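A.B. asks:
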Amino acid sequence: TALAADTKNFPGALGLIIKVGAQSGQTWRAIRDAAEFERKLGDVRKISNKGLISGIGSFIIAGALLILSNVWLAPRIMGMSLMQEAKDSIDIGWVLTASKGTGLFMGVTLAFAFILIFLSTAGRQFFPSLAEKIILQIPHFRDIVLSQDNYINLHRLSLLVRSGVRMEDALKSTYDSCRKGALREDFGRALDALRRGQK
14 TALAADTKNF PGALGLIIKV GAQSGQTWRA IRDAAEFERK LGDVRKISNK GLISGIGSFI
74 IAGALLILSN VWLAPRIMGM SLMQEAKDSI DIGWVLTASK GTGLFMGVTL AFAFILIFLS
134 TAGRQFFPSL AEKIILQIPH FRDIVLSQDN YINLHRLSLL VRSGVRMEDA LKSTYDSCRK
194 GALREDFGRA LDALRRGQK
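Throughout the sequence shown, residue numbering follows the working numbering, covering 14 to 212 in sequence.
#1: For the alpha helix (DSSP H) containing I148, name the first residue and the last one.
#2: Return the residue from the list F200, S190, R169, I80 that minimises the CA-CA distance to A47.
#3: Going by C-alpha distance, which of L78, V33, D205 is nearest G120?
#4: Is it a yes or a no for the stretch 109-118 touching the stretch 67-83, going by three-plus beta-carbon pairs under 8 Å?
#5: In chain order, what residues of the same chain have a beta carbon less than 7 Å from the beta carbon of I148, not counting five sequence neighbours either side?
#6: For I73 and L117, what's the separation of their Cα atoms in angstroms?
#7: Hey, could you find the ends of the alpha helix (DSSP H) K21 is sitting in?
#8: My output table needs one value for G38: the three-state DSSP class, helix, strand or coil.
#9: Can you list, in chain order, the residues of its chain whose CB lies under 6 Å from that of I165, leaving out five sequence neighbours each side?
#10: Measure the alpha-carbon distance for Y188 versus F200 and round it to whole angstroms.
#11: Going by Cα to Cα distance, which pick from G177, Q211, G76, R192 is closest to I31?
#12: How many Å lie between R137 and L129 at the Cα?
#13: Exposed or buried, which one is A135 when buried takes at least 16 other CB atoms within 10 Å?
#14: DSSP three-state call for T14: helix, strand or coil?
#15: Just how far apart, CA to CA, sit G55 and I69?
#16: Kindly indicate which three-state DSSP category K8 falls into: helix, strand or coil?
#17: Which runs of the alpha helix (DSSP H) spanning at least 4 residues fall entirely within the stretch 75-123, listed in chain order?
#18: Between V174 and the rest of its own chain, which residues show a CB-CB distance below 6 Å, the 5 nearest in sequence each way excluded?
#19: With distance defined between alpha-carbon atoms, name the residue in A126, L167, D162, F139 nearest to I151.
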């Protein structure tokens, strides 16, 4: 009970797992289960964040290099005396046109990517329901953004139930740990229905 009351060091789910597990008379097992719960959730977050950050980072670097080569590198190369001398004998107009076209395309794509990143980070903090409604309309992106949080929260619920925590307490803990949005509202409705004796 003391550990469960110490919400600073044993927040929500950890305190519940320890309190419920200790009722079986095996407090050591309850503490071990709580530590395992925290480790599993940490692993899920670490793996999913690592892949997402490296993918976004690589895309931004590629876009920045492409735009930089169009804006800064290409004019410098074209200004070299060797290129000025060979300008009449070599037709590179199509290369410059293609380069400008891809640079423009990448600039628009990067701008769109920054809008998506804003929606999935700050947007979900300031206007969560609207941001999630917009995200849900974008195929593939919705899977990347929402599935990570959804997986972590549903995995948390699964681990709590498996540890023997009452369904109402498990739903309440999961609801409290969810960020604002559609899934949190679903958990809230489920908790409310359970308290009223509905399915």
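Backbone N, C-alpha and C define an ideal beta-carbon position, used for all residues, glycine too. If you're wondering where the values come from, they're calculated on a predicted model, not measured in any experiment.
C.D. replies: On the basis of the coordinates in this document:
#1: 141-149
#2: R169
#3: L78
#4: yes
#5: L132, S133, F154, R155, V158, L159
#6: 14 Å
#7: K21 -> no alpha helix (DSSP H), and no H or E assigned at all.
#8: coil
#9: V57
#10: 6 Å
#11: G177
#12: 11 Å
#13: exposed
#14: coil
#15: 21 Å
#16: Residue 8 falls outside the range modelled here, since the chain spans only 14 to 212, and no answer is possible.
#17: 87-92, 94-99
#18: A183
#19: A126
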